[in-house]
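The structure appears below as structure tokens.
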Amino acid sequence: MRMTTLGAPRAVPGRLLPVAAGAGVIALALPVFLVADWPFAGWVVAAVVWVGVQGLGLLLTRVRPSADNLAASSVLAFGMMGRLLAVLVVLVAVAASNRTVGLASALLYGLAYTAELSVSIASYYAQEPKA
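The opening residue of the sequence shown carries number -3 in our numbering; numbering runs sequentially from there.
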């Protein structure tokens, strides 16, 4: 089977740089929220949700999935889905109680997540493929 450059397996990159990118977006958004007179509660909700998701992710990195340990693989899979569900529940609940705060928090969280994902993908493909 022929492997293309994009499909070649690579080592899993570190998480520090992507998390720092997301944290940078959250931190840089604070003065924007204050100057633009956007709801500060939206920034707080997005920051707390983002930190909570990172904390759950840190817990999940301690789980080592393997072919021999199906329980660890299922904990990792359901943990990753649970993080997404927790974010969804919190952001929908906030949006249901206050539309402007919910919109601000959802947009900021989405921007921080996009920055984290973009840096993660870029750092993955910046590495040399495994032989």
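Just so you know, even glycine gets a beta-carbon here, dropped at the ideal spot from N, CA and C.
These numbers were taken from a predicted model, which means no experiment stands behind them.
| Asked | Found |
| --- | --- |
| Pro27 Cβ short of 7 Å to the ligand HEM heavy atom set | Among the components modelled here there is no ligand, and therefore nothing to report on the ligand HEM. |
| Cβ-Cβ distance between Arg11 and Val49 below 8 Å | no |
| For Ala63 and Thr110, the rounded distance between their alpha carbons | 31 Å |
| Proximity of Pro5 and Ser116 at Cβ, strictly below 8 Å | no |
| Proximal residues to Ser69 (C-beta, below 7 Å), its chain only, five neighbours per side dropped | Pro61 |
| Spatial neighbours of Gly38 in its chain, beta-carbon cut-off 6 Å, leaving aside the 5 residues before and after | Val97, Ala100 and Ser101 |
| Simplified DSSP state of Ser93, which is helix, strand or coil | helix |
| Among Ala32, Leu26 and Leu54, nearest to Tyr105 - alpha-carbon criterion | Leu26 |
| Extent of the continuous alpha helix (DSSP H) to which Gly18 belongs | Leu12 to Val31 |
| Between the CA atoms of Ser119 and Met77 - distance to the nearest angstrom | 23 Å |
| Gly3, enclosing alpha helix (DSSP H) - first and last residue | That residue, Gly3, is in no alpha helix (DSSP H); it is neither H nor E in DSSP. |
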